[in-house]
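Chains as they are written, first to last, in this note's numbering: chain A, 655 to 863; chain B, 4 to 333.
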Amino acid sequence: MYRFNTVYGGLLLSLLGLSPSVLAADYTVRLQFEKRPPKTALLYVPGDLGEQSQAVVDQVDKSFTESLVVAAPGQAVVFKNSDEVDHNIFANDMKSGARFDVGLMPPGGEKNIPVDWKADSLVRIGCKIHPKMRTYIAAVDAAYSKVMEFSSATSDYSISLEGVPDAAAQLLLRIPKYDPVVIDLNDPSTWTATLTKKGKTRGSFVLER
Amino acid sequence: MRTLLSRCGIFFAFIAIALTSESLANTPLSRPDPLLIEYPEDEPPSWREIQLGKTLFFDPRLSHDHSRSCASCHNPELGFGDGLPLSPGSDGQPLGRHTPSIYNLAWGSVFFWDGRAATLEEQALMPIVAEAEMNLPMAVLQERLTAVAHYRNEFNAVYEEGLTEETIGRALASFMRAIVSDNSPFDRHLAGDKNALGPEAKRGLALFVGKGRCIECHSGANLTDDSFHNLGLGGDDPGRAEVVDAPHLRGAFKTPGLRNVTLSAPYMHDGSLPNLLSVLEFYNRGGGEGHNRSDLIQPLNLTQRDINDLLAFMGALESPILIKRPEIPR
Numbered sequence: 655m656y657r658f659n660t661v662y663g664g665l666l667l668s669l670l671g672l673s674p675s676v677l678a679a680d681y682t683v684r685l686q687f688e689k690r691p692p693k694t695a696l697l698y699v700p701g702d703l704g705e706q707s708q709a710v711v712d713q714v715d716k717s718f719t720e721s722l723v724v725a726a727p728g729q730a731v732v733f734k735n736s737d738e739v740d741h742n743i744f745a746n747d748m749k750s751g752a753r754f755d756v757g758l759m760p761p762g763g764e765k766n767i768p769v770d771w772k773a774d775s776l777v778r779i780g781c782k783i784h785p786k787m788r789t790y791i792a793a794v795d796a797a798y799s800k801v802m803e804f805s806s807a808t809s810d811y812s813i814s815l816e817g818v819p820d821a822a823a824q825l826l827l828r829i830p831k832y833d834p835v836v837i838d839l840n841d842p843s844t845w846t847a848t849l850t851k852k853g854k855t856r857g858s859f860v861l862e863r
Numbered sequence: 004m005r006t007l008l009s010r011c012g013i014f015f016a017f018i019a020i021a022l023t024s025e026s027l028a029n030t031p032l033s034r035p036d037p038l039l040i041e042y043p044e045d046e047p048p049s050w051r052e053i054q055l056g057k058t059l060f061f062d063p064r065l066s067h068d069h070s071r072s073c074a075s076c077h078n079p080e081l082g083f084g085d086g087l088p089l090s091p092g093s094d095g096q097p098l099g100r101h102t103p104s105i106y107n108l109a110w111g112s113v114f115f116w117d118g119r120a121a122t123l124e125e126q127a128l129m130p131i132v133a134e135a136e137m138n139l140p141m142a143v144l145q146e147r148l149t150a151v152a153h154y155r156n157e158f159n160a161v162y163e164e165g166l167t168e169e170t171i172g173r174a175l176a177s178f179m180r181a182i183v184s185d186n187s188p189f190d191r192h193l194a195g196d197k198n199a200l201g202p203e204a205k206r207g208l209a210l211f212v213g214k215g216r217c218i219e220c221h222s223g224a225n226l227t228d229d230s231f232h233n234l235g236l237g238g239d240d241p242g243r244a245e246v247v248d249a250p251h252l253r254g255a256f257k258t259p260g261l262r263n264v265t266l267s268a269p270y271m272h273d274g275s276l277p278n279l280l281s282v283l284e285f286y287n288r289g290g291g292e293g294h295n296r297s298d299l300i301q302p303l304n305l306t307q308r309d310i311n312d313l314l315a316f317m318g319a320l321e322s323p324i325l326i327k328r329p330e331i332p333r
């Protein structure tokens, strides 16, 4: 019954030309890792609500500027080199079929690569010259997304999610090498989850409103 | 007034850039931070797993004719090298590349001179099966180890899966990640001990990050950028270009870390430079004549005193690791 109302309310508002973000909710996510935390994670609401901003992967000081970039499948990722040295970005991910080589890119270079691999995938991106460099591209249609970064010294995190569209039905958590977590936003009884890596417990997830 | 202010602003911004440009591009030298090690299981291995890996590392069962262990080439008493330009292979002929030391690889992101292994687990199995090195099929090794009660017990105690190809790699990698050198005079200097370095080594450090431009590649806690560069050593080894399809990386090899570098002469991927003095003279000349040399390699105009100071600094990176050889189980 409750869900009915929200959806209808959202519809009504969009018909009236109001932005769906008017009906938005704030949540808090608590993450606890039992061992050393991962470097990065993505929380997102799947869906195609309006324009997704242009995905850009840039490089400075022999590192990527972002730990994770969200890109809509079918669109393009812009690769840039704002560094003082050459880079050679590539991906070679069997599972998603993401295989590309941006080639040798001098400082100031720029190149578009279409996201033509499997949707809903998380792909590691590297540099052939500087193997320490690492970032991820999440090929997802996201109505809302939040990239989180963790430090190896801290195992507990509390993250606020502001302005999650009220029409959102699902919240997904993607962490490299971890098993994905799917939360039903309409059913608070599913708002806790175990974080697992290849099936082994690695931490916990709690969503609060 | 406004123009004056904004001119000052530009002026100060300029100074700020000038002051930081050195550290902007390169990770500063620092002490190795255990929190930055990425363990495959997200936590350090148990003592027992490390001991198991250590026993395997010294066990000649890992070679076809029981003649050599990992430690034959990576000898802890010889800086985890063997003192030779090129180690003899299983057929007695010299191997294609020089045996590197293996200090502080726990922080490494890519392994071998050409970076063809992405993890230590993967790397550890490669010399065992390599025909020129230990020349032993994995199935035979598994049979050999299973026949030994000690290995059966230890593998079953440490790993849910027991003794498998994968757990052999994990045990060896766990031992190698424990080969950590982090108590050199330079580490004590970084920790604030003003007397840790003598005046030569202090000047050597300044040259290392300044006039000598070593920091361009030998950066971070282990004095390596874990990247690939061509120093113009020459020869026909394609190096990194054999692993990734990138012709510009022809003749480029991984920057070796410099911790305990004083212990592991001779040097370079081809073992062609017999000592650290010859390495510094090589850099001072502007590297080798080989094709495709990196632009980062330029003549340095170092004086004899500069060279001595740099040698003293490399000496201050020494913190030997004593390893008691394990008993090889029967």
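Glycine included, each C-beta is placed from N, C-alpha and C at the ideal position.
Where GLN126 (chain B) is concerned, there is no enclosing beta strand (DSSP E), although the alpha helix (DSSP H) around it starts and stops at 123-132.
According to DSSP, SER707 (chain A) shares a beta bridge with no other residue. Counting the other CB atoms within 10 Å of its CB gives ASN735 (chain A) a total of 16 or more, which places it among the buried residues. Counting only runs of at least 4 residues, the segment 61-132 of chain B fully encloses the following alpha helix (DSSP H) elements, listed from N- to C-terminal order: 73-76, 123-132.
In the three-state DSSP reduction, ASP273 (chain B) falls in the coil class, being neither helix nor strand. The C-beta distance from HIS67 (chain B) to LEU139 (chain B) rounds to 5 Å, short enough to fall under 8 Å. For VAL113 (chain B), the C-beta contacts it makes with chain A under 9 Å involve PRO785, LYS786, in order along the chain. Chain B places no beta carbon closer than 7 Å to that of ALA752 (chain A), leaving this residue out of the contacts. Collapsing the DSSP output to three states places SER717 (chain A) in a strand.
The beta carbons of PHE231 (chain B) and ARG216 (chain B) sit no closer together than 7 Å.
Residues of the segment 792-809 of chain A that bring their beta carbon within less than 8 Å of a beta carbon in chain B comprise SER806, ALA807, in sequence order. In the same chain as ARG147 (chain B), and ignoring 5 residues on each side of it, the C-beta atoms closer than 6 Å to its own belong to ARG64, in chain order. By the 16-neighbour rule on beta-carbons within 10 angstroms, ILE53 (chain B) is buried. In the DSSP assignment, THR855 (chain A) forms a beta bridge with A:THR850. Straight-line spacing of the CA atoms in LEU236 (chain B) and GLY290 (chain B) works out to 7 Å. For the pair THR30 (chain B) and LEU839 (chain A), the Cα-to-Cα distance works out to about 43 Å.
Sequence-ordered contacts of the segment 163-195 of chain B with chain A are nonexistent [C-beta pairs closer than 8 Å].
Annotation: Cβ neighbours of HIS251 (chain B) in chain A (cutoff 7 Å, chain order): LEU758. The C-beta of ASP117 (chain B) comes no closer than 7 Å to any C-beta of chain A. One finds nothing in chain B with a Cβ atom closer than 8 Å to the Cβ of ARG828 (chain A); even the nearest lies about 17 Å away. Of the residues B:GLY318, B:ILE331, B:TRP116, B:GLY118, the one whose Cα lies closest to the Cα of ASN186 (chain B) is B:GLY318. Considering only B:ALA176, B:GLU292, B:ALA194, B:ASP309, the residue with the shortest C-alpha distance to GLN301 (chain B) is B:GLU292.
With a cut-off of 8 Å on Cβ pairs, the segment 97-107 of chain B is in contact with the segment 249-267 of chain B, counting three or more such pairs. Between LEU280 (chain B) and chain A, the shortest Cβ-Cβ separation is not below 7 Å.
Collapsing the DSSP output to three states places ILE310 (chain B) in a helix. The CB of ASP229 (chain B) comes closer than 7 Å to the CB of PRO785, LYS786 in chain A, given here in chain order.
ILE813 (chain A) and SER843 (chain A) have their C-alpha atoms some 20 Å from each other. Cα atoms of LEU280 (chain B) and LEU826 (chain A): separation of roughly 57 Å, rounded to the nearest angstrom. Runs of alpha helix (DSSP H) with 4 or more residues, each lying fully within the segment 195-252 of chain B, are found at 202-212, listed in chain order.
Taking C-beta separations shorter than 6 Å and ignoring five residues to either side along the sequence, the partners of TYR154 (chain B) in its chain run LEU148, following chain order. For secondary structure counted as the beta strand (DSSP E) over 3 or more consecutive residues, the segment 768-803 of chain A holds these complete runs in sequence order: 775-781, 789-793, 796-803.
In this chain, the alpha helix (DSSP H) harbouring LEU280 (chain B) covers 279-288. For LEU39 (chain B) and SER809 (chain A), the gap between their C-alpha atoms comes out near 14 Å. Residue range 824-828 is occupied by the beta strand (DSSP E) that includes LEU827 (chain A).
Per the DSSP secondary-structure output, TYR698 (chain A) pairs in a beta bridge with A:SER799, A:LEU826. Here ALA726 (chain A) is buried: its Cβ has 16 or more other Cβ atoms, across all protein chains shown, within 10 Å.
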